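In the working numbering, the protein residues as written are 6 to 314. For each residue, glycine too, the CB sits at the ideal point set by N, CA and C. Quantities reported herein were computed from a predicted structural model and do not represent experimental measurements.
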């Protein structure tokens, strides 16, 4: 039978389920509105949709390397209690394996066929998990790195999923990739990134608009503090150099040994391996960052712990 758009809209407004799910429900119940409501409830779709407006800022950051490919993802729940639930952990693992096996980090992951069961979309699997677990769950973000012949992909998780780092380090001589010293370097730099949260590897990677904004703020501060107008430009230039050094990975003081920079550590390891060693790229996820203000400063916590290593 033909289902009117008006009826689909009414069902959506009542249940908060998706438009296509509402249409399926009405088709399955021959247009019987109340039966369609029950159909959605049985499927858990209405319940999942109603939870969708709840803030999900807990959950976990998960990372894993399989073969030469690594993945890092953040999946949010409403409470940390649910984040410790086996059902939630299984969902996280399933999504990570989906990204490893079936995703090229493009498009809407919820619309992709789930790699373990292509008859379902990832979004369908997520709705089922929401209905079963009873909280809103959001697949917030993910990244995937695949190593080349002369690179190594490594991941690190801190604080039971509070902060995660994925890094790709390179050796000019491909033979050095299998040397344990390169993996140790990748682990040490990952710990550093977790603690110090650099914006980029080097200053040329920090967007010009970010530097311009910082310069604008520093100029205003110096004017406000009464610095002589003819000195402000010189003062701000020095402050910008400090800003870049503090926010660029290779220029930062190494968290496990503040007497050396991360660039010095790279040179030291390179000398040990007999080849140039570089950081090719990295990504850092902090649980809930940008969703709501967190009560704990995880970066400060990591930094404090690393100094004791």
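Here DSSP, grouped into helix, strand and coil, assigns residue 123 to strand.
Contiguous beta strand (DSSP E) elements confined to the stretch 147-208 occur at 156-163 and 168-176, taking only those with 3 or more residues. Distances from the CA of residue 252 to each of 237, 159 and 209 were compared; the closest alpha carbon is that of 209. In the structure shown, residue 63 falls within a coil segment according to DSSP collapsed to helix, strand and coil. The way I'd put it, the stretch 132-146 doesn't touch the stretch 168-180; fewer than three beta-carbon pairs between them come closer than 8 Å.
Within the stretch 239-285, the runs of beta strand (DSSP E) that reach at least 3 residues and sit entirely inside it are, in chain order, 262-266.
Here residue 117 carries a coil assignment [DSSP, helix/strand/coil].
Pairing residue 103 with residue 119, the inter-Cα distance amounts to about 7 Å. In the three-state scheme derived from DSSP, where H, G and I count as helix and E and B as strand, residue 134 is classed as helix.
Between the stretch 185-204 and the stretch 253-261 there are three or more inter-stretch CB-CB distances shorter than 8 Å, so the stretches are counted as touching. Only residues of its own chain outside the window of five on either side were considered, and among them 150, 156, 158, 285 and 286 have a CB closer than 6 Å to the CB of residue 173, listed in chain order. Between the stretch 118-133 and the stretch 174-184, the count of Cβ pairs shorter than 8 Å is below three; the stretches do not touch.
Closest in C-alpha terms to residue 7, from the list 32, 20 and 18, comes 32.
Pairwise C-beta distances place the stretch 72-82 in contact with the stretch 93-101, as three or more of them are shorter than 8 Å.
Taking 8 Å as the cut-off, the beta carbon of residue 266 is found no closer than this to the beta carbon of residue 241. Here residue 74 is not near residue 42, since their CB atoms are 8 Å or more apart. In the DSSP assignment, residue 290 forms a beta bridge with 169. Here residue 84 carries a coil assignment [DSSP, helix/strand/coil]. Annotated three-state conformation of residue 228 is helix, per DSSP.
The straight-line gap separating the alpha-carbon atoms of residue 272 and residue 259 is approximately 13 Å. In this structure, residue 288 sits near residue 148, with a CB-CB distance shorter than 8 Å.
With a cutoff of 8 Å on beta-carbon distance, residue 99 and residue 130 are scored as near each other. Considering only 135, 269 and 232, the residue with the shortest C-alpha distance to residue 194 is 269. Judged by beta-carbon spacing, residue 187 lies within the 8 Å limit of residue 278, meaning their Cβ atoms are closer than that value. Residue pairing of residue 78 in beta bridges, as defined by DSSP: 67 and 147. Here residue 101 is not near residue 65, since their CB atoms are 8 Å or more apart.
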